[in-house]
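Numbering (the UniProt record's numbering), first residue to last: 1 to 414.
C-beta: ideal position from N, C-alpha, C; glycine also.
The structure displayed is predicted, hence computed values, not measured ones.
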């Protein structure tokens, strides 16, 4: 490979790394926008901790857990720290798509996302100490093990033979559903926020304090997804990257429109938060097959994801789970949909592929749900995972941090 092409590939991957990093600002703005102002510092602290701890954990062992080299297909580990070896800085590494260091940093940005998803679902009532412990174990151990099953050359990648296998291009299951399953378990163990459900079980809206922040967060996430999916081409290949960016954008747009139209028909109002979550649902939905779909198929996947978002949010309320930002509907339910859609639409569509996709969803569901339950239930029974009633009512900013995000603009939010 000529040096110019190798350099162009590596620069593209570094740009995509920066875009995925930028998504953490999007997640932060979305989460604080859809929750109450008295918990803003707490949410920002969690999100900053996630990216910092995630990077360090991925350096210590996560990268070599996820990419262990030759292993049994289920669990492998090639040692602590980083070692580029003799070819890590040359075009012989990764077929000339990027250097070893770029590989590490790009993948590390993905790793922290799984815990960020959980942060939104447990917002406004989780103790920050136990949450940080959970993040360290889940990001440091669980996420890279699941990733190794597919991206590290594990058993999912060879289902049905070397040329077949489970397909998850950029992580509808391996990133989003990994976080989504943990979010579902966490919300179940935590219980709803005070006032979320009335005595007769009817859900009550708890409005977010800054919808402009939420809207900005979603648009930043959409931009970041150009790196999330575009970088998953793993080179600057013109045909691959351009198709992926087109399918990603069309699915996002269709998801937003699908959610807004469907929610308007059901609830007779134009709900901006549903519109925004529909965009995210479309993005999560296309992430598994962005490299396989035509533009029309990506619109179909995104549009159906938008409808699924509306139904998913209603389902979460119906089973009396409290997810302040809609993370379970977006990342878990649409992650499952996007993964299965690879067997229905696109270049690999077919009955066998659908079964491979289903197997990947099932394996991830069992491992992540069980792991998250063990971690969180142990924390619940030892140090507790939920703040006191007084702390929840007065706000986590005051009790966990002794700070106020808006010291000159304070409202009574009891």
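Straight through space, the alpha carbons of residue 69 and residue 95 are spaced by roughly 16 Å. Taking residue 88 as the centre and dropping the five residues before and after it, the same chain places the C-beta of 99 and 100 closer than 7 Å to its C-beta, in chain order. Distance from the Cα of residue 64 is smallest, within the candidate group 29, 397, 44 and 105, for 105. When rounded, the separation of the alpha-carbon atoms in residue 370 and residue 8 is 42 Å. Sequence-distant Cβ neighbours of residue 256 in its own chain, meaning closer than 6 Å and more than five residues away, are 275, 278 and 279. Secondary structure at residue 275: helix, using DSSP grouped into helix, strand and coil. With 16 or more other CB atoms across the displayed protein chains lying within 10 angstroms of its CB, residue 190 is buried.
Between residue 209 and residue 348, the gap from beta carbon to beta carbon reaches 9 Å or more. Under the DSSP assignment, residue 45 falls in the alpha helix (DSSP H) whose first and last residues are 40–57. DSSP places residue 18 inside the alpha helix (DSSP H), whose first and last residues are 3–33.
Residue 108 places its beta carbon 9 Å or farther from that of residue 74.
Segment contact: the segment 112–129 against the segment 21–36, three or more CB-CB distances shorter than 8 Å; contact assigned. Secondary structure within the segment 195–272: not one fully enclosed beta strand (DSSP E) run of 3 or more consecutive residues is present. About 12 Å separates the Cβ atoms of residue 337 and residue 283, ruling out a contact at the 8 Å cut-off. Straight across, the Cα-Cα distance linking residue 11 with residue 102 is about 9 Å. Boundaries for residue 294: no alpha helix (DSSP H) harbours it, and the DSSP string shows neither H nor E there.
Distance from the CA of residue 351 to the CA of residue 219, rounded to the nearest whole angstrom, comes to 36 Å.
If the five residues before and after residue 134 are omitted, its C-beta is found closer than 7 Å to the C-beta atoms of 375, 376 and 379, all from its own chain and listed in chain order. Rounded to the nearest angstrom, the Cβ distance from residue 251 to residue 285 is 6 Å, consistent with a contact under 8 Å. Leaving aside the five residues that flank residue 184 on each side, the residues in its chain whose CB is nearer than 7 Å to its CB run, in chain order, 328 and 332.
Around the CB of residue 6, 16 or more other CB atoms lie within 10 Å, so the residue is classed as buried. The C-alpha of residue 392 is placed about 22 Å away from the C-alpha of residue 200.
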